[in-house]
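Residues in the sequence shown are numbered from 1 upward in steps of one, following the UniProt record's numbering.
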Amino acid sequence: MTSFTRHRRLRRTAAMRDMVRETQLSVHDVIQPLFVKEGLKSKQEVASMPGVFQFSLTDLLQEVASSVDLGIKAFIIFGIPAHKDAIGSQASAEDGIVQQAIRLIKQNYPDVLIIADTCLCEFTSHGHCGVLDGEHVLNDASLERLVEVAVSQARAGADIIAPSNAMDGYVYAIRQGLDKAGFEDIAIMAYAIKFASSFYGPFRDAGESAPAFGDRKTYQMDPANRLEALREAQSDEAEGADFLMVKPALAFLDILRDVRQQSNLPLVAYNVSGEYAMIKAAAQNGWIDEEKVMVETLLGMKRAGADIIITYFAKDLALYLSKKGV
Ligand code: PBG
Numbered sequence: 001m002t003s004f005t006r007h008r009r010l011r012r013t014a015a016m017r018d019m020v021r022e023t024q025l026s027v028h029d030v031i032q033p034l035f036v037k038e039g040l041k042s043k044q045e046v047a048s049m050p051g052v053f054q055f056s057l058t059d060l061l062q063e064v065a066s067s068v069d070l071g072i073k074a075f076i077i078f079g080i081p082a083h084k085d086a087i088g089s090q091a092s093a094e095d096g097i098v099q100q101a102i103r104l105i106k107q108n109y110p111d112v113l114i115i116a117d118t119c120l121c122e123f124t125s126h127g128h129c130g131v132l133d134g135e136h137v138l139n140d141a142s143l144e145r146l147v148e149v150a151v152s153q154a155r156a157g158a159d160i161i162a163p164s165n166a167m168d169g170y171v172y173a174i175r176q177g178l179d180k181a182g183f184e185d186i187a188i189m190a191y192a193i194k195f196a197s198s199f200y201g202p203f204r205d206a207g208e209s210a211p212a213f214g215d216r217k218t219y220q221m222d223p224a225n226r227l228e229a230l231r232e233a234q235s236d237e238a239e240g241a242d243f244l245m246v247k248p249a250l251a252f253l254d255i256l257r258d259v260r261q262q263s264n265l266p267l268v269a270y271n272v273s274g275e276y277a278m279i280k281a282a283a284q285n286g287w288i289d290e291e292k293v294m295v296e297t298l299l300g301m302k303r304a305g306a307d308i309i310i311t312y313f314a315k316d317l318a319l320y321l322s323k324k325g326v
């Protein structure tokens with residue numbers, strides 16, 4: 001027996017390291033978020049998310065074209081309507097901005113996967129994810145609205161409904177609603193574990209969806225809770241979710257790993273806006289190497305157990321992978 005193990009044998013050359021690498025990033029596993037804003041003349045960069053834009057319908061199609069050229073095949077759509085009201089009417093309108101965007105992309109790119117974020121916060125005047133009684137966010141009344149939104153998105157051509165409003169019973173309600181409307185084959189990507197996180201800050205600039213009062217702590221989860229997170233994943237799976245998501249990802253890699261061990265459903269990590277903004281900001285200061293830190297971050301999510309990553313770095317990653325020829 002040798003006195004110690006020479007781990008460095010497997011690190012000696014680049015070819016050796018490539019051969020023993022355990023985790024791979026692939027353009028097939030990423031979902032690119034897209035923001036489309038009604039009435040916008042030309043695309044607007046989001047100040048807190050360099051490289052991320054609010055698009056008009058025309059600009060949106062150009063963005064999809066350039067992403068498809070890079071090999072990206074899946075997009076999650078967020079919409080900002082021209083008019084907001086108490087119940088977020090525009091979220092389920094047939095000519096709502098999200099519905100228009102889905103139809104337009106599908107007409108031009110029938111083979112891409114369109115995931116519709118199904119929530120009310122971008123569409124309500126108060127910025128909460130459900131309907132209110134005073135300042136209380138009602139659960140069951142919000143579910144009724146959520147089903148209407150999901151069905152209208154499926155009708156517009158969405159392949160996957162991704163409910164992010166964090167009400168109890170949302171997967172069950174949406175599954176029933178989709179089935180009743182004839183959309184049995186449309187999948188549900190449940191934002192199963194969604195923490196009430198300050199990492200969403202930049203998103204609320206992009207989605208113009210900050211709550212007008214209070215916070216989301218009565219419906220989104222306490223970041224301190226692990227067992228509750230596992231119960232959330234269990235109930236969404238039992239209600240019929242086709243995918244489970246953990247959000248945010250970076251500060252919750254343990255939760256990703258735990259859900260991976262508990263469930264055999266495809267697991268999604270949402271590399272959220274604040275995680276993106278931190279890397280971009282540090283890189284702009286010259287403090288870190290953006291590309292390397294991006295790769296390390298996304299690898300960490302896959303290593304923890306994610307099969308799929310929703311990330312604002314989708315195009316940057318696709319570019320990196322094409323340069324490397326992998
Ligand atoms: C809508 C929604 C949010 C995000 C995705 N869908 C914001 C929120 O819950 O306030 C955040 C995504 C990100 O930060 O990148 N409910």
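Positions of the beta carbon are idealized from the N, C-alpha and C atoms, including for glycine.
Open item on the list: If you measure between the beta carbons of phenylalanine 195 and proline 223, is that distance less than 8 Å?
Closed with: Along the sequence shown, read from residue 1 onward, the residue named residue 195 stands at position 195. Along the sequence shown, read from residue 1 onward, the residue named residue 223 stands at position 223. Yes, these two residues count as a Cβ contact at 8 Å.
Open item on the list: Does the segment 14 to 21 come into contact with the segment 64 to 72, if we say contact requires no fewer than three beta-carbon pairs (one atom in each stretch) closer than 8 Å?
Closed with: no
Open item on the list: Within the continuous beta strand (DSSP E) that includes valine 131, where are the two ends?
Closed with: Position 131 of the sequence shown holds residue 131. Per DSSP, valine 131 belongs to no beta strand (DSSP E) and is neither H nor E.
Task: Close Cβ partners of leucine 317 (< 8 Å) along its chain, the five nearest in sequence each way excluded - done: Locating residue 317 in the sequence shown gives position 317, where the first residue counts as 1. Closer than 8 Å at Cβ, skipping near neighbours: Leu25, Val27, Val30, Met294, Val295, Leu298, Thr311.
Task: Cβ pair count under 8 Å reaching 3, the segment 2 to 11 against the segment 269 to 283 - done: Taking a cut-off of 8 Å on C-beta distances, the segment 2 to 11 does not touch the segment 269 to 283, as fewer than three cross pairs fall below it.
Task: Element boundaries [beta strand (DSSP E), containing asparagine 271] - done: Indexing the sequence shown from 1 puts residue 271 at position 271. Its beta strand (DSSP E) spans residues 267 to 271.
Open item on the list: On the CB-based measure, 16 or more other CB atoms within 10 Å of its CB, does threonine 58 come out buried or exposed?
Closed with: The count along the sequence shown starts at 1 and reaches residue 58 at position 58. Its Cβ having fewer than 16 others within 10 Å, threonine 58 is exposed.
TODO: Please determine if the segment 165 to 176 and the segment 130 to 150 are in contact, where contact requires at least 3 C-beta pairs separated by less than 8 Å.
DONE: yes
Open item on the list: Could you check if arginine 204 belongs to the surroundings of ligand 2, using beta carbon to heavy atom distance under 7 Å?
Closed with: Among the ligands in the structure shown, ligand 2 does not appear; only ligand 1 can be found there.
Open item on the list: The alpha helix (DSSP H) that contains leucine 256, what's its start and end?
Closed with: As a first step, residue 256 is located in the sequence shown; it is residue number 256 there, counting from the start. Per DSSP, leucine 256 belongs to the alpha helix (DSSP H) from 253 to 262.
Open item on the list: Assuming the contact rule is C-beta atoms closer than 8 Å, leucine 34 and glutamate 63 should be a hit. Round their C-beta distance to whole Å, please.
Closed with: By one-based count along the sequence shown, residue 34 stands at place 34. By one-based count along the sequence shown, residue 63 stands at place 63. The Cβ separation is near 7 Å, so the contact holds.
Open item on the list: Is any non-hydrogen atom of ligand 1 found closer than 7 Å to the C-beta of phenylalanine 252, if you look at the structure I gave you?
Closed with: In the sequence shown, counting from the first residue as 1, residue 252 sits at position 252. It does not: the Cβ of phenylalanine 252 is nowhere closer than 7 Å to a heavy atom of ligand 1.
Task: Backbone secondary structure at leucine 96 - three-state DSSP - done: As a first step, residue 96 is located in the sequence shown; it is residue number 96 there, counting from the start. Here the sequence assigns glycine to residue 96, which means leucine is not the residue at that position. It is coil, neither helix nor strand.
Open item on the list: Which residues does DSSP list as the beta-bridge partners of methionine 189?
Closed with: Here residue 189 refers to the residue found at position 189 of the sequence shown. DSSP lists Phe243 as partners of methionine 189.
TODO: Compute the beta-carbon to beta-carbon distance between alanine 251 and alanine 269, rounded to the nearest angstrom, for a pair I have assumed lies under 8 Å.
DONE: On the sequence shown, position 251 is the one that residue 251 refers to. On the sequence shown, position 269 is the one that residue 269 refers to. Incorrect: roughly 12 Å between the Cβ atoms, too far for contact.
Open item on the list: For alanine 187 and leucine 60, I'd like the C-alpha separation in whole angstroms.
Closed with: Stepping through the sequence shown from its first residue, residue 187 is reached at position 187. Stepping through the sequence shown from its first residue, residue 60 is reached at position 60. Per the coordinates, the alpha-carbon of alanine 187 lies some 24 Å from the alpha-carbon of leucine 60.
Task: Backbone CA spacing between glutamine 176 and phenylalanine 53 [nearest angstrom] - done: In the sequence shown, residue 176 corresponds to position 176, counting from 1. In the sequence shown, residue 53 corresponds to position 53, counting from 1. If you take the alpha carbons of glutamine 176 and phenylalanine 53, they lie about 35 Å apart.
Open item on the list: Going by DSSP in three states, glycine 79 sits in which element: helix, strand or coil?
Closed with: As a first step, residue 79 must be located in the sequence shown, where it is residue number 79. Looking at glycine 79 - three-state DSSP - the assignment turns out to be strand.
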